[in-house]
Amino acid sequence: MRWQWQGPLSLLRFQMALERLLLFSRQNKARQWLVDISKMPPLGNDEQAWLSQRWVAQFARCGIQNLALMLPDDLHNQLAMEHVLDSGRCYTQVNVQFFGDFPAALDWLSKSSDDVQRLEHEWFAARLAATRPGAAALLPDEWLD
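Next up, the structure:
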């Protein structure tokens, strides 16, 4: 599963978005995440505490085996994410790698160059479909106000 952070959210919407990602992952039996948090706004103390104290335990039950994280542009967020991941080590044995570029992250998650091409094609098609009028989104528009 691939997802990309798009902008700032209130604490409640932040929590709802990340819980929805877990639900979607469980429903679709996702085992790998490629996460682009490069444009995520700086995480506040409340977000960090919630991630470390509640969300990580839920994430562990989700069954993700490999997590490729695109490095945040903000050093604060990189350190915050490392702290959250460290706090979650008691819950999960997920393989985590940080990457500075998308091709390297995708290569790490893939078994072959054929997998890379297939996934890039699937994601391009899904992104194109998501931009069409009436396309269903993972998050309802009212959450993004």
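According to my numbering, the sequence shown is numbered sequentially starting from -13. C-beta atoms are modelled at their ideal positions from N, C-alpha and C, and glycine is treated no differently.
For the alpha helix (DSSP H) containing residue i, name the first residue and the last one.
| i | result |
| --- | --- |
| N63 | L61 to S73 |
| Q44 | V42 to A46 |
| Q13 | L(-3) to Q13 |
Note down, in chain order, each residue of its chain lying with its Cβ closer than 8 Å to the Cβ of residue i, except the 5 sequence neighbours on either side.
| i | result |
| --- | --- |
| N14 | M(-13) |
| L92 | L20, A54, V102, L105 and E106 |
For residue i, tell me which candidate among the options has the shortest Cα-Cα distance.
| i | options | result |
| --- | --- | --- |
| W36 | G74, V102 and A90 | G74 |
| I23 | L114, L4, T78 and D101 | L4 |
| Q(-10) | Q83, K25, S(-4) and C48 | K25 |
| N52 | V70, P28, T78 and S38 | T78 |
| F10 | Q39, Q(-8), P27 and Q44 | Q44 |
| P28 | F84, A116 and G(-7) | G(-7) |
| Q39 | L114, R17 and C76 | C76 |
First and last residue of the beta strand (DSSP E) that includes residue i?
| i | result |
| --- | --- |
| N52 | N52 to M56 |
| W109 | Element bounds for W109: not the beta strand (DSSP E) but the alpha helix (DSSP H), S99 to A116. |
| V21 | Q18 to D22 |
Can you find the residues in the same chain that come closer than 7 Å, C-beta to C-beta, to residue i, ignoring five residues on each side of it along the sequence?
| i | result |
| --- | --- |
| G86 | L57 |
| C48 | L8, S11 and R12 |
With a threshold of 6 Å on Cβ separation, who are the neighbours of residue i within its own chain once the five nearest residues in sequence on each side are excluded?
| i | result |
| --- | --- |
| I50 | W19 and V80 |
Determine the contact status of residue i and residue j, defining contact as a CB-CB distance below 8 Å.
| i | j | result |
| --- | --- | --- |
| L95 | A54 | yes |
| V70 | V42 | yes |
For a test of your reading of the model: does the CB of residue i fall under 7 Å from any non-hydrogen atom of the ligand GTP? Yes or no.
| i | result |
| --- | --- |
| I23 | With respect to small molecules bound, the structure shown includes none, and the ligand GTP cannot be examined in it. |
(request) State whether the stretch 31 to 39 contacts the stretch -12 to 0, with contact taken as three or more CB pairs (one from each stretch) at a distance under 8 Å. (result) yes
(request) Would you check if there are 3 or more beta carbon pairs closer than 8 Å linking the stretch 60 to 72 to the stretch 91 to 104? (result) no
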